[in-house]
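S.K.: Position 44, counted from 1, in the sequence shown is what the UniProt record's numbering calls 44; the numbers after and before it change by one each time, with no gaps. Okay, here's the structure, questions in a sec.
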Amino acid sequence: MAAVKRIKLGSQGLEVSAQGLGCMGMSAFYGPPKPESDMIALIHHAVNTGVTLLDTSDIYGPHTNEILLGKAWKAGGLRERVELKITRK
1 MAAVKRIKLG SQGLEVSAQG LGCMGMSAFY GPPKPESDMI ALIHHAVNTG
51 VTLLDTSDIY GPHTNEILLG KAWKAGGLRE RVELKITRK
């Protein structure tokens, strides 16, 4: 599998994956919320393939996605091996 391309974001030297993971559908808006274990597995898959940019918003629920991202980051050793960038709107 090819590595995900990395790009500079902005003028401060922040480097992120060219492809990000949009998290809106994980907790709302596209039918009922998805099973938490499935969404954690999806986050892990994205990160394991090179995605370092995750996009969320507090409008997706009262911190629902932020809590989910925290659980995924803590589980599976992501915190120890990957520097993620999380954007919020």
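The beta-carbon is built from N, C-alpha and C at its ideal position, and this holds for glycine as well. Keep in mind that this is a model prediction, so the values were computed, not measured.
What residue range does the beta strand (DSSP E) around Ile40 cover?
M.R.: Careful: Ile40 lies outside any beta strand (DSSP E), inside the alpha helix (DSSP H) at 36-48.
S.K.: To the nearest angstrom, report how far apart Leu68 and Ile40 are at their CA atoms.
M.R.: Straight-line Cα distance between these residues: approximately 7 Å.
S.K.: DSSP three-state call for Gly22: helix, strand or coil?
M.R.: In this structure, Gly22 counts as strand in the three-state DSSP scheme.
S.K.: Helix or strand or just coil, what does DSSP make of Lys8?
M.R.: Reduced to three states, the DSSP call for Lys8 is strand.
S.K.: Output the boundary residues of the alpha helix (DSSP H) element that contains Glu66.
M.R.: Residues 64-74.
S.K.: Go ahead and label Leu53 buried or exposed: buried means 16 or more other beta carbons lie within 10 angstroms of its beta carbon, across all protein chains shown.
M.R.: Counting Cβ neighbours within 10 Å, Leu53 comes out buried, since at least 16 surround it.
S.K.: Taking His45 as the reference, give the member of Ile7, Gly10, Gly77, Lys8 with the closest Cα.
M.R.: The option with the nearest alpha carbon to His45 is Gly77.
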